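**Student:** Sharing a structure here in structure tokens format.
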Amino acid sequence: FSCFSNHKVFILFAAPTCSYQNVLDHLHLTKANETFTMSRPVKDHTNKTVLYLEMIVYAILDVKETDQTFIAYVWIYMEWGNDYILWNKDDFCGISEVIVPTEVLWKPDITIEEMIEKDKAPQSPFLKIHSNGTIEFRNDQIVISACRMHVYKFPFDIQKCNITFKSYLYAEHELQIEIEKNSSVISMWSREIMATEFEWVFVDMTVTNSTVNHYGYNQTIVIYTIEMKRKSVLHVASFVLPILFFLCLDFFSLLLPHGGGEKIGFKTTVLLAVTVLQLILIEILPFTSSKIPLIVVYILGIFGLMLLSLLETIVVNYLIEMDSASQDDAQSVNE
Amino acid sequence: FSCFSNHKVFILFAAPTCSYQNVLDHLHLTKANETFTMSRPVKDHTNKTVLYLEMIVYAILDVKETDQTFIAYVWIYMEWGNDYILWNKDDFCGISEVIVPTEVLWKPDITIEEMIEKDKAPQSPFLKIHSNGTIEFRNDQIVISACRMHVYKFPFDIQKCNITFKSYLYAEHELQIEIEKNSSVISMWSREIMATEFEWVFVDMTVTNSTVNHYGYNQTIVIYTIEMKRKSVLHVASFVLPILFFLCLDFFSLLLPHGGGEKIGFKTTVLLAVTVLQLILIEILPFTSSKIPLIVVYILGIFGLMLLSLLETIVVNYLIEMDSASQDDAQSVNE
Amino acid sequence: FSCFSNHKVFILFAAPTCSYQNVLDHLHLTKANETFTMSRPVKDHTNKTVLYLEMIVYAILDVKETDQTFIAYVWIYMEWGNDYILWNKDDFCGISEVIVPTEVLWKPDITIEEMIEKDKAPQSPFLKIHSNGTIEFRNDQIVISACRMHVYKFPFDIQKCNITFKSYLYAEHELQIEIEKNSSVISMWSREIMATEFEWVFVDMTVTNSTVNHYGYNQTIVIYTIEMKRKSVLHVASFVLPILFFLCLDFFSLLLPHGGGEKIGFKTTVLLAVTVLQLILIEILPFTSSKIPLIVVYILGIFGLMLLSLLETIVVNYLIEMDSASQDDAQSVNE
Amino acid sequence: FSCFSNHKVFILFAAPTCSYQNVLDHLHLTKANETFTMSRPVKDHTNKTVLYLEMIVYAILDVKETDQTFIAYVWIYMEWGNDYILWNKDDFCGISEVIVPTEVLWKPDITIEEMIEKDKAPQSPFLKIHSNGTIEFRNDQIVISACRMHVYKFPFDIQKCNITFKSYLYAEHELQIEIEKNSSVISMWSREIMATEFEWVFVDMTVTNSTVNHYGYNQTIVIYTIEMKRKSVLHVASFVLPILFFLCLDFFSLLLPHGGGEKIGFKTTVLLAVTVLQLILIEILPFTSSKIPLIVVYILGIFGLMLLSLLETIVVNYLIEMDSASQDDAQSVNE
Amino acid sequence: FSCFSNHKVFILFAAPTCSYQNVLDHLHLTKANETFTMSRPVKDHTNKTVLYLEMIVYAILDVKETDQTFIAYVWIYMEWGNDYILWNKDDFCGISEVIVPTEVLWKPDITIEEMIEKDKAPQSPFLKIHSNGTIEFRNDQIVISACRMHVYKFPFDIQKCNITFKSYLYAEHELQIEIEKNSSVISMWSREIMATEFEWVFVDMTVTNSTVNHYGYNQTIVIYTIEMKRKSVLHVASFVLPILFFLCLDFFSLLLPHGGGEKIGFKTTVLLAVTVLQLILIEILPFTSSKIPLIVVYILGIFGLMLLSLLETIVVNYLIEMDSASQDDAQSVNE
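Residue numbers (full-length UniProt numbering), protein chains in the order written: chain U, 1 to 335; chain B, 1 to 335; chain G, 1 to 335; chain E, 1 to 335; chain S, 1 to 335.
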């Protein structure tokens, strides 16, 4: 064993002392060294670890009203300190940062509160360590989160969905989460790189951090709120307009002659068409609201109007017939 | 090897003895130390491990009647004792708790009995150990569980779904599961934090623990029962009302003149509309009940009524025709 | 290193020798000891390992006719011997069983032959070892298996699905699978704990074990056969009855007057309704059978009957018209 | 440490030298011995590793025309040589084969070229090593593969799908893949054990191996071609027949009287029914072909025929009316 | 321990020194040697690692307009240098390349920017190392990527989707990505091997590499752009043609007699048919565009035309009736 390790040392010394491995050797950073992974990397336990967090929305992938879920593709940037990592870059030919595998270092247990489907994909395999002890982590993540939708004004609705970052176990005096950039900057950045927005127009994004009491101790949380407006033009073209057209048709049926059955047949057909459109709408809307959405009121209203007008036609027809029958009777009496 | 370890010891001694690592060193808690992972952490095997368990429902994600599954997003809190973990916090500058990776310690093999799709996502990466040997574990989990639904009163039904925690292998005298908070407290907490309730209104949550005999030895189980009421307003607006409207239309067809074919055509059209609505309902309801749900009885009843009234119209039409034909014959005879 | 291990030994000796760890130390059972995992745990290779297997069906989750798959949630119990595990429980204060992590011991490579979607979820994390060398393993598993369905008698069909346990590689003289309980006991147990049965009524479950020759050597297999009857009441209410109703309507159209077009219109409408119902049925039934199911024959028969009656009506109408036209001609000639 | 290993040796020597572990000890086959996993197990690098491969189709699970995927459940058998494994079975009481965990030995990097969804399930946990150095591996696998479908003759089509085995990196002079059994044998075996065939009848299976040049060096590939015929009886019953029925109805409408509107109404209704059937067909067929399938030509043809006949009826009606109008004019002039 | 390793050395020396293991021993390449995995493998940290990247599209699996995702099956080839790997092939009987497990060497952290569902499948298990320090990696991958679709010209649209390779953390001066082959070569290769193209015709593929500034430092990215044309023949056959047919029918209704209700009934039926076709189209098209696609304009236009012509018919009918009524009045007055 010894001859082997001597051999290695020899190779490294023969080379100029500017390899990344030299830094790692100086730090004793190996996969086996448990000091770096077993606990929060502070020399004095009263020291707080400050985590700088930043999130940019790269794509709004899906917003499912029926499932009340919001699916976004986000870029996450995290930065925190590690007391055991420190070197003088001048001792190592100016190496100021080394990129090392993720599993050799402690990572904060940050989770997204609303996330209802955990990301099973492997995370970024590397971390960047800086000579002053700062650790940098970047990751791309699909966030499938629960979001309470308000479909009252559908299809002209604006939705707000939260993405809340928090630690599972660390209290505020151990791990404090800070925001790096303010709301307007991340809004602007997200707007610039947004690749796909699905059915939505990205309106705005705000970020706040606050302290909450979670079962016995305070924790800091960071809440990103994403505001989106629905693109309603195709919904109008496919639901609102056709229904208006059919209402229009129904009104024009006034011009049809009263007596015959064709008016009733025409009105029944139009009523059936509206029923079909109504059923399609109900497939799109969630059954989750306790308040009936405006668009359902709109369709049910038109449906009701047509129904009443159909009933009225039937009654009028009946009365006309009665009348003519009595006239016939009168005539026959007269005769 | 020796120079390296000396070096490390030197660094640690130079720093004040308040690092978390000092506690771990004192406990000999390393990834390689199998005492902590190989068996239940009691010094005397007759000692019982008591597990305090708590669950809060964070979101009701889906209730699929057709699949008889209930999907919830829950927060689980567990706490148990470990005889091998004990330190005097005064010896370590007041450190009373350390957060360590999950894989270095034994964890109870708690499973959810009804869970039909195992959670493939990684669990919380850390555990909190306390100076008195208490271990604290927190996790967020999606529970996809089997739940026998009763759709008899659909859409005015109330469902009760169970989430049962038990150990795979430990008997009651080895692992005993206790409830930390009573039913009313967890009900209240769940109601407060409930983020999304899907199509349901969370009514209540109860928790009981009992002892069952599982193939040879007693085990403690903890049963959480979640009671939910369906939000029925949109179902009424989309199914119950339109069918009533069509029944109404069918009644008004009495006012149509008997003789012509238009009455029969009108009634047939209305019957078709009800058939279409009935088919949509059957897509929503599961074929799992041996009792026909009330709403199906309701629709089949209305369907039957309309059918009978249609048949009656046809027969009456026929009789009138017969009658007039015989009158015509009589007339022609008279003539 | 030495001071550390002395320290540990000291702690353990100070405690009474009743810790589980003492047993493991006695057996030299550690994660690094490859004797326990590298090969079948018999001291003499001519010894057979006998595996006792038991399966209970906890839930029938889905039976997909169109995919020919059967999804069940089962509880599996396995028990086998390990020659390297043996201790006298009196030497260890009466400890007769220890629960250890699964990965430290050899496990038989039992697989389910019909399983078409492998279970990606982690298995039970622990095994129970007994002082006489018996190993006990319990697991809950979702079994997604291929099952040849016979839909000829749909919706009054009874299906039989097999779950076959076998070893990948071990021959019969190495690993023999035995059944612990007989068919009637596991049927009874399954019936008792069955949580959800989906669209089916659990009828019976039988178990047999046999020997098959698999590419060069004999292997024992254990076949569990699950027999289920479909709950047909809702299918009757939604397909069979409405079609009968429409057939009924079609018969009553005999009473409509012959001459006018309304009879043909009425019959065409009823024919369309049956076509729609037929299409829905075809969505439910698989295209997998080479024999046409009875229900399709039933619907096609009724469809054909209606079609013929419609054609007959058209022909009769035509003949009546011809007749009256010739009479008119005759009349006009007479005149 | 030393006392422990002495102890172990003692136990093993006390037992007869017929344990599998003795063979492994002789081979120095341990998890830590990297000779067995780091590189292709040949003593002289110019030696070729010959891999015997065999595949049997156990079930055709799905053939999705719209996705152009073919899903089968196959049994794979592989056998190759390892120069580092060799023992005289007479030295070990006749032990001629040992079953060891998969991860302790090198395995060829065989992949299926068409596979579009990688199998995430764990593979068979064991390999069988023979005393002459042969390694045997068996696995069950779901193959989800891309397959170019030809739907031109739907529903009377025959599809051929390939499953191509190749190595990621090894050239032909390093790893050569050989077929164990010829096409007729595997065809026969597959036909015997086929558990489910979905919508298809398994026709034949052929196997060929060839050499291809892949970016710089030759590789051997083995191509299994599976030929299947669609079961078309239900497709005929549900699409082809009803459309013929409706065409039939349309022809019979010739017998309806010309003048009135009822003929046009009847023909329009039949045309609508065919439109609905056409739309259902388009849901089943993929949009992937650049040639229009025969069945679409068939339906479009019938649709066109009906349309023309409807237009002709309208024109004839118009001409008759014109004629009678001019006759009326002539009459009124005459009068 | 020492006797064992002596033993091994003995075996290896007895064999000719042409085993792959000899090369690995020379390089000290073992799983435990962290020099090869902990950091970028350059001896001088100012050396740039150049990564040659190549991608060929093997299959276009799916293009989902409604989800705005593009799913392709690609072959990726990567090649980079490792300063720690170097041997003289003449010293090792001419061995110029060794294939070793992937996990023993550093791999660049290349990710695909648009990828919205991470590949959970295991990657190719081996890397090829060359005697000059070049590392070769090949992999097959499913890429599920976000792609902004332009459906304005549907179904005659051409889509361009990007696949962008970049490093998570490495700056341009550390890791530079180069393209091996130019656009025309990879286009040609992709066209040759394309197994399935789904609904699309592969048109062209271009590749460019550029430098972007990502949060503080420059990174090289490589963008592959895939251009595809939709196969529109079936869309034309199923949507565009039938709608034209129905428009045609509507025009011919001019020939129907004005007075009766049959003209209105006919026109209403045709209008309903177009409504149904319109709804099906809306299911296919995404609601994601802010501009209404041409095909929707086409259908809405035809729908509007028919509606206007229907209204006009109703009005004309009304006027004719009014006129005849006034004539009747005039007549009766005259009488």
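Glycine residues also receive a C-beta, built at the ideal position from the N, C-alpha and C atoms.
Here the structure is a predicted model, which is why all the values come from computation and not from measurement.
Could you tell me if B:Asp328 is buried or exposed, where buried requires 16 or more neighbouring beta carbons within 10 angstroms of its beta carbon?
**Tutor:** Counting Cβ neighbours within 10 Å, B:Asp328 comes out exposed, since fewer than 16 surround it.
**Student:** How many angstroms separate the CA atom of S:Val274 from the CA atom of E:Lys263?
**Tutor:** Cα to Cα, the separation comes out at about 21 Å.
**Student:** Quick check: the Cα distance between S:Leu305 and G:Glu227, rounded to an integer number of angstroms?
**Tutor:** So the two alpha carbons sit approximately 60 Å from each other.
**Student:** What would DSSP say about E:His7, mapped onto helix, strand or coil?
**Tutor:** Because the pLDDT of E:His7 is 44, which lies under 50, any placement of that residue in the model is unreliable, and the question is left without a value.
**Student:** How big is the Cα-Cα spacing for G:Val50 and E:Met38?
**Tutor:** Distance between the alpha carbons of G:Val50 and E:Met38 is about 35 Å.
**Student:** Alpha carbon to alpha carbon, how far is U:Phe245 from E:Val240?
**Tutor:** Computed Cα separation, rounded: 37 Å.
**Student:** Counting only C-beta atoms, is S:Ala72 closer than 7 Å to chain A at any point?
**Tutor:** Any reference to chain A falls outside this structure, whose protein chains are U, B, G, E and S.
**Student:** Among E:Gln141, E:Leu53, E:Leu169, which residue has its Cα nearest to the Cα of E:Arg40?
**Tutor:** Here the closest residue by C-alpha is E:Leu169.
**Student:** I'd like the list of long-range same chain contacts for B:Ser183, defined as Cβ closer than 6 Å, with 5 residues on each side in sequence excluded.
**Tutor:** Closer than 6 Å at the Cβ level, and outside the excluded window around B:Ser183, lie Thr206, Val207.
**Student:** For the alpha helix (DSSP H) that G:Glu192 lies in, which residues bound it at each end?
**Tutor:** Note, G:Glu192: alpha helix (DSSP H), 183-193.
**Student:** I want to see whether chain U comes within less than 7 Å of S:Met38, judged by CB atoms only; does it?
**Tutor:** Yes, its Cβ sits closer than 7 Å to a Cβ of chain U.
**Student:** Are there 16 or more other CB atoms within 10 angstroms of the CB of B:Leu24, so buried, or fewer, so exposed?
**Tutor:** B:Leu24 comes out buried.
**Student:** Indicate whether the contact test is met: 3 or more Cβ pairs, each with one atom in the segment 65-75 of chain E and one in the segment 149-168 of chain E, closer than 8 Å.
**Tutor:** Because the criterion of three Cβ pairs below 8 Å is met, the segment 65-75 of chain E and the segment 149-168 of chain E touch.
**Student:** With a threshold of 16 other CB atoms inside 10 Å of the CB of U:Glu199, please say whether the residue is buried or exposed.
**Tutor:** Buried, since its Cβ has 16 or more Cβ neighbours within 10 Å.
**Student:** Counting contacts by CB-CB distance shorter than 7 Å, is residue 384 of chain G in contact with chain B?
**Tutor:** Because chain G in this structure spans residues 1 to 335, residue 384 of chain G falls outside the shown range and cannot be described.
**Student:** So which residues of chain S does U:Gly216 contact, with C-beta pairs closer than 9 Å?
**Tutor:** None at all; the shortest Cβ gap to chain S is about 36 Å.
**Student:** Throw me the rounded Cβ distance for the U:Phe137 and U:Ser124 pair, which I believe falls under 8 Å.
**Tutor:** Between U:Ser124 and U:Phe137 the Cβ distance is about 7 Å, and since that is below 8 Å, they are a contact.
**Student:** What would DSSP say about S:Phe252, mapped onto helix, strand or coil?
**Tutor:** Correct three-state label for S:Phe252: helix.
**Student:** Taking only beta carbons into account, state which residues of the segment 149-183 of chain G come closer than 7 Å to chain E, listed in chain order.
**Tutor:** Listed by position, the residues of the segment 149-183 of chain G near chain E (Cβ gap below 7 Å) are Tyr168, Leu169, Tyr170.
**Student:** Closer than 8 Å, Cβ to any Cβ of chain S: which residues of the segment 315-333 of chain E, in chain order?
**Tutor:** So the list reads Val315, Asn317, Tyr318, Glu321, given in the order they occur along the chain.
**Student:** Between the segment 178-194 of chain S and the segment 55-67 of chain S, do at least 3 Cβ pairs fall closer than 8 Å?
**Tutor:** With a cut-off of 8 Å, the segment 55-67 of chain S and the segment 178-194 of chain S count as touching, because enough Cβ pairs lie within range.
**Student:** For E:Val25, report the span of its beta strand (DSSP E) as first-last.
**Tutor:** The sequence shown places Asp at residue 25 of chain E, rather than the Val named in the question. Premise fails: E:Asp25 lies in the alpha helix (DSSP H), 20-27, not in any beta strand (DSSP E).
**Student:** Quick check on the burial criterion: 16 or more other C-beta atoms within 10 angstroms. Buried or exposed for B:Lys267?
**Tutor:** Its Cβ being crowded by 16 or more others within 10 Å, B:Lys267 is buried.
**Student:** Taking all protein chains shown into account, decide if S:Phe1 is buried (16 or more other Cβ within 10 angstroms of its Cβ) or exposed.
**Tutor:** A caution first: S:Phe1 carries a pLDDT of 37, below 50, which makes its placement in the model unreliable, though a value can still be read off. S:Phe1 is exposed by the Cβ-count criterion.
**Student:** Can you confirm whether U:Ala15, when its beta carbon is compared against all beta carbons of chain S, has any partner nearer than 7 Å?
**Tutor:** The predicted position of U:Ala15 is uncertain, since its pLDDT is 45 and thus under 50; a value taken from the coordinates is nonetheless stated next. True, the Cβ-Cβ gap to chain S drops below 7 Å.
**Student:** Could you give the distance in angstroms between the alpha-carbon of S:Leu308 and the alpha-carbon of S:Val151?
**Tutor:** For S:Leu308 and S:Val151, the distance between alpha carbons rounds to 28 Å.
**Student:** With DSSP as the reference, label B:Tyr318 as helix, strand or coil.
**Tutor:** In the structure shown, B:Tyr318 sits in a helix (DSSP, three-state: H, G or I).
**Student:** Quick one: measure Cβ to Cβ for B:Gln278 and B:Ile292, integer angstroms, because I've assumed they're closer than 8 Å.
**Tutor:** Rounded, the Cβ-Cβ distance is 13 Å, inconsistent with contact.
**Student:** Does any residue of chain S bring its CB to less than 7 Å from the CB of E:Thr102?
**Tutor:** Cβ-Cβ to chain S under 7 Å: no for E:Thr102.
**Student:** Keeping to the same chain, check which residues put their C-beta closer than 7 Å to that of S:Met115; ignore five residues upstream and five downstream.
**Tutor:** The residues are Val143, Ile144, Ser145.
**Student:** Taking U:Lys267 as the query, report the chain S residues whose CB atoms sit under 7 Å from its CB, ordered along the chain.
**Tutor:** Near U:Lys267 there are no residues of chain S at all, since even the closest Cβ is about 10 Å away, more than 7 Å.
**Student:** For S:Met149 versus S:Glu65, is the C-beta distance shorter than 7 Å?
**Tutor:** Closer than 7 Å, so yes.
**Student:** So what's E:Lys43 in DSSP terms, helix, strand or just coil?
**Tutor:** Three-state DSSP puts E:Lys43 in coil, outside helix and strand.
**Student:** Using a Cβ-Cβ cutoff of less than 6 Å, which residues in the same chain neighbour S:Tyr217 once the five nearest sequence positions on both sides are dropped?
**Tutor:** Cβ within range, chain order: Ala171.
**Student:** With 7 Å set as the bound, which would you pick, yes or no: does the beta-carbon of E:Glu34 sit closer than that to a beta-carbon of chain S?
**Tutor:** Cβ-Cβ to chain S under 7 Å: yes for E:Glu34.
**Student:** Check the DSSP bridge columns for B:Lys229 and list the partner residues they point to.
**Tutor:** In the DSSP output, where bridge partners are listed per residue, B:Lys229 has B:Ile158, B:Val201.
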